[in-house]
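The block underneath contains the structure these notes are about, expressed in structure tokens.
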Amino acid sequence: MAHLPAGDSPDERRALVAYTGPAELGIHLDWQGSNVAFTGRLMDELSRRGKAALAAFVASLPNTPQVQNSVERQQALAKLGARLNALEEAAFHAEFPVPALTGGEAAARPIDPAMLAASLVSEVLAPYYRLGAEGLRREAGASAVGLAERVANKLEPALAGDLAAGALLNIFRQNPELGQPGLLGVLKARLAADPALAGQLAATLSAAEAEPGDGGLRSLVEVSQRIGLVSGDVVGAIVGADVVDKIRKLSVEQNVETVGPGATLTGAVIGGSGPVNVGGQHHHGDRIDTGGAPYFGGNVQVGRDLVGRDQVVQGDQVGGDRITMGDISNAQVAAGRGAHVEVSQGLGGAELAATFQAVLDRIDRRPPDPNVEKEEIRDTVGKVKDEVAKGDAVNVAKVERWLRQLIDLAPDVADVALKGLANPVMGVAAAVAAVARRLRPRTD
């Protein structure tokens with residue numbers, strides 16, 4: 041952990057934690073200091089949550105950008121996961137002797153506003169406002185409604201005195217998917233400025249975890265796939281028997297145009313006590329082979345929302361409530377309550393154009409600059425777009441050179457481009473995504 045690439049800055053560490061687990065894992069983490077010191081704090085936080093939490097973290101690491109392209113790291117994690125899963129509970133606590141926090145220690149822990157805001161908005165409030173109280177009660181039970189109402193009762197008065205924040209909250213109430221990005225930014229700033237409010241809300245989430253049935257935080261797993269051509273084997277969701285009791289409802293909707301020759305399409309696999317084989321390719325048991333895509337099972341414990349590797353979570357971006365896929369092969373996805381993902385395996389012409397449209401829109405909104413012509417900015421963006429469209433044949437050195445030029449020309453435009461390229465769901469070459477993540481701090 042201490043030697044993983046792209047893990048030196050607080051933002052990179054937040055992205056790693058968001059990528060490997062629900063946002064609330066990072067609410068009380070101190071992101072500063074050396075990699076060794078941070079890794080120790082992260083391991084302490086995981087160890088306090090028990091063997092299942094640590095096993096889930098280790099199981100999800102192979103799908104991170106820092107690990108997925110390294111055979112050596114993949115093999116090391118497989119050995120570590122097997123060793124961890126073989127430990128009895130007593131042996132686990134002996135090897136990870138992290139004492140429970142006292143009341144004073146718990147109160148003194150740092151609170152990260154970005155992670156707290158993401159947890160509150162995405163995991164608690166989005167499904168509440170989207171489904172309504174009665175709808176959420178039917179889907180997730182009375183405890184989920186109670187938690188959402190406790191959070192709303194604390195949060196709404198706190199934002200009422202701010203006209204802009206109040207307006208964003210109203211938009212979010214009416215349309216959580218539309219209002220979520222704006223509310224996340226406002227709430228992050230407010231929690232950073234009001235430690236007392238942040239402490240109250242963090243305590244509300246912590247108290248819910250200790251309630252029976254996870255305090256209403258069990259997952260509502262919704263998978264919606266829009267698939268043009270299925271080639272290979274596609275599964276909507278794979279759920280292991282060890283986590284079924286943590287999921288309130290599993291819903292899979294697949295809108296498919298064509299299933300190719302020899303292809304297999306399966307809505308969901310609910311694992312029993314033994315292995316479950318699907319299409320001869322996807323094996324659910326102690327070891328799961330899903331072609332590198334996300335899965336449930338293998339000692340993975342769903343606490344709140346468990347979201348697959350394709351979730352959009354970079355910094356404090358978290359989406360709404362649906363997964364959409366284009367033409368896919370050998371891919372499975374699963375999303376927790378409130379998660380919104382637009383997934384495409386590889387960028388086609390339409391997807392690439394949509395990805396860069398936000399960049400072009402940002403250029404159009406720029407005020408006149410006597411030192412930089414908009415056409416010069418567009419030309420640089422066009423070079424990046426054309427090269428990225430080559431997929432794995434991309435010349436990464438060229439892309440990085442043009443992105444650096446874009447940062448110098450128009451940092452605001454570069455920030456939009458880098459966010460899009462760094463997003464793991466966009467399907468750009470892994471090396472391009474790594475460059476974008478590395479360059480993003482330069483635009484802050």
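Note that this note's numbering has the sequence shown beginning at 41, numbered continuously upward.
Don't be surprised by glycine CBs; every beta carbon is placed ideally from N, CA and C.
- Counting along the chain, no alpha helix (DSSP H) covers F136, and no H or E run does either.
- In this model, L479 and A200 are separated by some 37 Å (Cα to Cα).
- About 4 Å separates the beta carbons of R149 and H68, which is inside the 8 Å limit, making them a contact pair.
- Straight across, the Cα-Cα distance linking P221 with A134 is about 43 Å.
- When the Cα atoms are used, R123 and A433 turn out to be separated by approximately 38 Å.
- If the five residues before and after W71 are omitted, its C-beta is found closer than 8 Å to the C-beta atoms of P50, R53, R54, F78, D152, all from its own chain and listed in chain order.
- For A205, the uninterrupted alpha helix (DSSP H) segment begins and ends at 203-214.
- When the five nearest sequence neighbours on each side are left out, the beta carbons in the same chain lying within less than 7 Å of the beta carbon of G219 are those of L208, I211, F212, in order along the chain.
- Looking at D426, A471, N193, L56, the one whose alpha-carbon comes closest to that of F97 is L56.
- Taking Q240 as the centre and dropping the five residues before and after it, the same chain places the C-beta of K194 closer than 7 Å to its C-beta, in chain order.
- The shortest C-alpha to C-alpha distance from V164 to any of A184, G175, A243 is the one to A184.
- Taking C-alpha positions only, L94 is separated from L449 by approximately 44 Å.
- Residue state for T104 is assigned as coil, using DSSP reduced to three classes.
- In the assembly as shown, V475 is a buried residue. Its beta-carbon has 16 or more other beta-carbons within 10 Å.
- The residue among A454, K438, A204, K414 with its C-alpha nearest the C-alpha of V399 is A454.
- Annotation: P150 is outside any alpha helix (DSSP H) and is labelled neither H nor E by DSSP.
- Distance from the Cα of L86 is smallest, within the candidate group N75, T60, W442, E427, for T60.
- Cβ-Cβ distances below 7 Å link Y169 to F212, R213, P216 in the same chain, with the five nearest sequence neighbours on each side left out; the list follows chain order.
- For W442, the enclosing alpha helix (DSSP H) stretches over residues 436-449.
- For D426, the uninterrupted alpha helix (DSSP H) segment begins and ends at 414-428.
- Cβ-Cβ distances below 7 Å link L156 to I67, L231, A238, L241, A242 in the same chain, with the five nearest sequence neighbours on each side left out; the list follows chain order.
- Cβ atoms of L446 and A457 come within 8 Å of each other, at about 6 Å.
- In the same chain as K414, and ignoring 5 residues on each side of it, the C-beta atoms closer than 6 Å to its own belong to I403, in chain order.
- When secondary structure is reduced to three states using DSSP, V468 falls in the coil class, being assigned neither helix nor strand.
- With a beta-carbon spacing of about 18 Å, G422 and A469 fall beyond the 8 Å limit used to define contacts.
- The beta carbon of N435 lies closer than 8 Å to those of E427 in the same chain, with the five residues before and after it left out.
- Under a 10 Å Cβ-count criterion, A473 is classified as buried, with 16 or more other Cβ atoms of the shown protein chains found around its own Cβ.
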